[in-house]
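*Asks:* The structure under discussion is supplied below as structure tokens; questions concerning it will follow.
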Amino acid sequence: MSQKNDEKYIILALEAMQRDPNLSARAAAKIYSVDPRKLQRRQRGMQSRRDITANSRKLTNLEESTIVQYILDLDARAFPPRLRDVEDMANKLLADRDASPVGKRWASNFVRRQPELKTRHFRRYDYKRAQCEDPEVIQAWFTLVENTIIKYGIVASDIYNFDETGFMMGVISTGLVVTSVERRSNAKLAQPGSREWVTVIQGVSSEGWCAPPFIIVAGQYHLSTWYEDSPLPHDWVLATTENGWTTNERGLEWVRHFDKHTKPRMTGKYRLLILDGHESHLSVDFEL
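Position in the sequence shown (from 1) plus 2 gives the number in our numbering.
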């Protein structure tokens with residue numbers, strides 16, 4: 003009789019041996035047509051390959067299903083996460099139950115195990131190049147926005163656009179000045195040597211209402227002179243980064259700032275915030 007490698011027959015043989023202490027592994031293997039050596043190994047406590055695989059996973063089936071659904075949701079919103087973002091998702095779930103984080107290759111292996119997921123190469127392109135894209139590609143974005151509005155029943159007054167602008171401190175813009183009538187050439191102003199960068203982030207609604215600005219300057223610490231007798235309104239926010247650019251941490255602070263000022267103005271149940279693809283807007287904390 004041919005031997006059966008099915009796990010169910012090995013389990014039946016093990017159960018039979020438990021019920022009858024006089025039944026040897028060799029006899030049970032013969033009765034259930036399983037490999038006697040494999041049955042003996044299982045009797046000594048070795049796990050099946052299926053159990054070893056399940057136990058080697060850091061996350062439960064429910065946690066893995068949650069991550070898969072979250073990835074699919076982000077992808078549907080045109081913000082597919084990177085592998086390191088998937089790793090962050092897993093580590094946040096593990097941290098909630100005080101478990102150790104996943105390994106370096108966990109995210110890659112996780113994606114390979116999920117039939118719904120795959121990795122793709124993506125390309126970045128600037129605004130001018132995007133303007134020259136095929137209209138059908140651009141139309142797909144508008145279709146995505148329309149479907150999102152319909153799906154969540156978002157009203158027009160709850161739709162906001164994210165706008166981020168950088169300024170080079172000390173760079174003088176073109177403007178009108180008063181000069182001598184004898185001057186024959188355009189006036190020139192001495193250009194200051196400072197080249198520090200400042201970023202201003204705003205959220206503007208479809209009705210034209212603006213959330214208070216969120217200003218990021220270059221520096222490590224806040225200076226008291228920024229706040230003493232400051233002409234800035236009290237609800238404007240000043241934040242710092244090393245170079246005055248947006249970071250993941252400042253992006254998260256801004257979205258909390260945005261939520262604070264737009265939540266009281268909500269008309270419907272959901273708000274829609276339209277963002278660009280900057281890295282600081284794609285972090286796991288920002289998406290959550």
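A virtual CB, placed ideally from N, CA and C, is assigned to each residue, including glycine. These numbers come from a predicted model, not from an experiment.
Determine the burial state of Ile152: buried for a count of at least 16 other Cβ atoms within 10 Å of its Cβ, exposed for fewer.
*Replies:* Mapped onto the sequence shown, residue 152 falls at position 150. It is exposed - the Cβ of Ile152 has fewer than 16 other Cβ atoms within 10 Å.
*Asks:* Which residues share a DSSP beta bridge with Ser207?
*Replies:* Working through the sequence shown from its first residue, we reach residue 207 at position 205. Tyr162, per the DSSP bridge assignment.
*Asks:* Buried or exposed: where does Arg21 fall if 16 or more other Cβ atoms within 10 Å of its Cβ makes it buried?
*Replies:* What you label residue 21 is simply residue 19 of the sequence shown in a count that begins at 1. Exposed, since its Cβ has fewer than 16 Cβ neighbours within 10 Å.
*Asks:* Which partner residues does Phe216 have in the DSSP bridge list?
*Replies:* Counting from one through the sequence shown, the residue named residue 216 turns up at place 214. According to DSSP, Phe216 bridges with Ile203 and Val239.
*Asks:* Using 8 Å as the Cβ pair cut-off and three pairs as the minimum, do the region 25-44 and the region 81-100 touch?
*Replies:* Contact between the region 25-44 and the region 81-100 is absent, because fewer than three Cβ pairs lie under 8 Å.
*Asks:* Output the distance between the C-alpha atoms of Gly253 and Gln71, rounded to the nearest integer angstrom.
*Replies:* Your numbering for residue 253 matches position 251 in the sequence shown. Your numbering for residue 71 matches position 69 in the sequence shown. Each residue's alpha carbon lies about 24 Å from the other.
*Asks:* Is it buried or exposed for Ala92, if we count other Cβ within 10 angstroms and need 16 for buried?
*Replies:* Sequence index remark: in the sequence shown, residue 92 carries index 90 (1-based). Buried: at least 16 other Cβ atoms inside 10 Å.
*Asks:* If you reduce the DSSP assignment to three classes, tell me which class Lys190 lands in.
*Replies:* Within the sequence shown, the letter at position 188 stands for residue 190. A caution first: Lys190 carries a pLDDT of 41, below 50, which makes its placement in the model unreliable, though a value can still be read off. Residue state, collapsed to three classes: coil.
*Asks:* Is it the case that the Cβ atoms of Ala220 and His263 are separated by a distance below 7 Å?
*Replies:* Taking the sequence shown and counting its residues from 1, the one referred to as residue 220 is at position 218. Taking the sequence shown and counting its residues from 1, the one referred to as residue 263 is at position 261. Taking 7 Å as the Cβ cut-off, Ala220 and His263 do not qualify as a contacting pair.
*Asks:* Measure the C-alpha to C-alpha separation of Lys265 and His259 and round it to an integer number of angstroms.
*Replies:* The sequence position of residue 265 within the sequence shown is 263, counting from 1. The sequence position of residue 259 within the sequence shown is 257, counting from 1. In a straight line, the C-alpha of Lys265 is about 10 Å away from that of His259.
*Asks:* For Thr145, count the other beta carbons within 10 Å of its own beta carbon; 16 or more makes it buried, fewer makes it exposed. Which is it?
*Replies:* Mapped onto the sequence shown, residue 145 falls at position 143. Its Cβ having fewer than 16 others within 10 Å, Thr145 is exposed.
*Asks:* Are the region 224-241 and the region 111-125 in contact at 8 Å, needing three or more beta carbon pairs?
*Replies:* No, because fewer than three Cβ pairs between the region 224-241 and the region 111-125 fall closer than 8 Å, the two stretches do not touch.
*Asks:* In the DSSP assignment, the alpha helix (DSSP H) including Leu274 goes from what residue to what residue?
*Replies:* Locating residue 274 in the sequence shown gives position 272, counting from the first residue. Looking at the DSSP string, Leu274 is not in any alpha helix (DSSP H); the run it does join, the beta strand (DSSP E), is Leu274 to Ile276.
*Asks:* Is the beta carbon of Ile276 closer than 7 Å to that of Asn111?
*Replies:* For the purposes of this step, residue 111 is taken as residue 109 along the sequence shown, with counting starting at 1. For the purposes of this step, residue 276 is taken as residue 274 along the sequence shown, with counting starting at 1. No, the pair does not count as a contact, with Cβ atoms beyond the cut-off.
*Asks:* Hey, how far is the Cα of Gly105 from the Cα of Ala29?
*Replies:* For the purposes of this step, residue 105 is identified with residue 103 of the sequence shown, where counting begins at 1. For the purposes of this step, residue 29 is identified with residue 27 of the sequence shown, where counting begins at 1. Each residue's Cα considered, the two are about 44 Å apart.
*Asks:* So, is Leu41 buried or exposed, given that buried needs 16 or more other C-beta atoms within 10 angstroms?
*Replies:* Here residue 41 refers to the residue found at position 39 of the sequence shown. Looking at its Cβ environment, which holds 16 or more other Cβ atoms inside 10 Å, Leu41 is buried.
*Asks:* Tell me which same chain residues have a C-beta within less than 8 Å of the C-beta of Leu14, skipping the five on either side of it?
*Replies:* Here residue 14 corresponds to residue number 12 of the sequence shown, with the count starting at 1. The residues are Tyr34.
*Asks:* Between Val206 and Pro215, is the Cβ-Cβ spacing less than 7 Å?
*Replies:* On the sequence shown, position 204 is the one that residue 206 refers to. On the sequence shown, position 213 is the one that residue 215 refers to. It is not a contact, given that the beta carbons lie outside the stated cut-off.
*Asks:* By alpha-carbon positions, which one of Glu230, Thr242, Trp199 and Pro233 ends up nearest to His224?
*Replies:* Looking up residue 224 in the sequence shown gives position 222. Per the Cα distances, Thr242.
*Asks:* Lys32 to Tyr11, Cα distance in whole Å?
*Replies:* On the sequence shown, residue 32 is found 30 positions in, with the first residue counted as 1. On the sequence shown, residue 11 is found 9 positions in, with the first residue counted as 1. The alpha-carbon atoms of Lys32 and Tyr11 are separated by roughly 11 Å.
*Asks:* Any idea if Arg44 is buried or exposed, counting beta-carbon neighbours within 10 angstroms, 16 or more meaning buried?
*Replies:* Your numbering for residue 44 matches position 42 in the sequence shown. Buried: at least 16 other Cβ atoms inside 10 Å.
*Asks:* On a CA-only basis, which of Gln222, Ile217 and Leu16 is nearest Leu234? Give me that one, please.
*Replies:* If you number the sequence shown from 1, residue 234 lands on position 232. Considering only alpha carbons, the answer is Ile217.
*Asks:* Just how far apart, CA to CA, sit Glu209 and Ile156?
*Replies:* One-based indexing of the sequence shown puts residue 209 at position 207. One-based indexing of the sequence shown puts residue 156 at position 154. The straight-line gap from Cα to Cα measures roughly 14 Å.
*Asks:* If you compare alpha carbons, which of Asn24, Glu166, Ser26 and Leu274 is closest to Leu160?
*Replies:* Along the sequence shown, one-based indexing puts residue 160 at 158. Rather than Leu, the amino acid found at residue 160 in this sequence is Asp. Cα-wise, what sits closest to Asp160 is Leu274.
*Asks:* Nearest to Trp247 by CA position, among Lys271, Gln222 and Asp231, is which residue?
*Replies:* As a working note, residue 247 is residue 245 in the sequence shown. If we check each option's Cα against that of Trp247, Gln222 comes out closest.
*Asks:* Return yes when the Cβ of Gln204 is within less than 7 Å of the Cβ of Asp261, no when it is not.
*Replies:* By one-based count along the sequence shown, residue 261 stands at place 259. By one-based count along the sequence shown, residue 204 stands at place 202. Going by C-beta atoms, Asp261 is not nearer than 7 Å to Gln204.
*Asks:* Distance, Cα to Cα, Arg99 vs Thr68?
*Replies:* As a position in the sequence shown, residue 99 is number 97, starting the count at 1. As a position in the sequence shown, residue 68 is number 66, starting the count at 1. Computed Cα separation, rounded: 16 Å.
*Asks:* The alpha helix (DSSP H) spanning Lys262 covers which residue range?
*Replies:* Taking the first residue of the sequence shown as 1, we reach residue 262 at position 260. Where Lys262 is concerned, the enclosing alpha helix (DSSP H) stretches over Asn250 to Thr264.
*Asks:* What number of angstroms, rounded off, separates the C-alpha of Leu64 from the C-alpha of Lys271?
*Replies:* In the sequence shown, residue 64 corresponds to position 62, counting from 1. In the sequence shown, residue 271 corresponds to position 269, counting from 1. Rounded to the nearest angstrom, the two C-alpha atoms are 28 Å apart.
*Asks:* Express the C-alpha separation of Leu61 and Gly149 in angstroms, rounding to a whole number.
*Replies:* Position 147 of the sequence shown, counted from the start, is the residue given in the question as residue 149. Position 59 of the sequence shown, counted from the start, is the residue given in the question as residue 61. Residue 149 is actually Asn in this sequence, not Gly. If you take the alpha carbons of Asn149 and Leu61, they lie about 33 Å apart.
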